[in-house]
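Okay, structure first, notes after.
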Amino acid sequence: MSFSLVLPERTMGDITCITKQHVNVTTIVIRDADILVVPPDILLDAMRQDAELAIKICRHIVAKQESSLEAVITNTSCEPAQRLKILLKSMLLEGGIEPKTGWYTVPLTLTHEEYGQIINVTRVTISRILAHWQSEGLICRENKTIIVHHQLFDDVYDWLSYFSEK
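Using this note's numbering, you'd call the opening residue of the sequence shown number 175 and step up by one each time.
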């Protein structure tokens, strides 16, 4: 079961590095990737020498933790279709895309099996959900690329929108 997707150019292991606390979490790479391994002492020294870097890393860690907590809550309290909607919207937002009106290309191409790993369902379930949305005109697919209509997210609650309306 996965609860988080680490996108390209992101960090892993930084929380363990800073807190020196080991946790029962496994990170796996599901695609070919170049990984830069930085010894903890080098990262900690860089943070001591550069306050702006330290603040940036701390903000990144907090954002990752919040995202992971939201993923755990979503994966344990929402139905599969809702989980997939939330994942797709998160991927758009992370790509700098705010789905307000019209059609949007999901910026990361995943297989049905990879989507299933993230939201804890089978690839068959992903296929059925996507086929249903396609029949309703909420998505279209070009090869492995998913293009979503903003109405797909009409019932997705985003607590951050509460603050933008104030």
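All C-beta atoms in this analysis are idealised placements derived from N, C-alpha and C, irrespective of residue type, glycine included.
- Counting along the chain, no alpha helix (DSSP H) covers residue 183, and no H or E run does either.
- Separation of residue 273 and residue 260 (C-alpha to C-alpha, rounded to the nearest whole angstrom) is 12 angstroms.
- Assigned with DSSP and collapsed to three states, residue 322 falls in strand.
- A buried status is given to residue 262, since no fewer than 16 other beta-carbon atoms sit within 10 Å of its beta-carbon.
- Annotation: the stretch 243-292 contains the following complete segments of the alpha helix (DSSP H) (minimum length 4 residues), in chain order: 254-268.
- Note that the stretch 232-247 does not touch the stretch 318-326; fewer than 3 beta-carbon pairs, one per stretch, sit closer than 8 angstroms.
- For residue 250, the closest of 292, 200, 314 and 201 by C-alpha to C-alpha distance is 292.
- Note: residue 315 is bridge-paired with 320 in the DSSP secondary-structure output.
- Distance from the CA of residue 183 to the CA of residue 216, rounded to the nearest whole angstrom, comes to 18 angstroms.
- Here residue 257 is buried, its C-beta having at least 16 other C-beta atoms within 10 Å.
- Residue state for residue 219 is assigned as helix, using DSSP reduced to three classes.
- DSSP, read as helix, strand or coil, puts residue 230 in helix.
- Residue 210 sits in coil when the DSSP states are folded into three classes, being neither helix nor strand.
- Cβ-Cβ distances below 6 angstroms link residue 329 to nothing in the same chain once the five nearest sequence neighbours on each side are left out.
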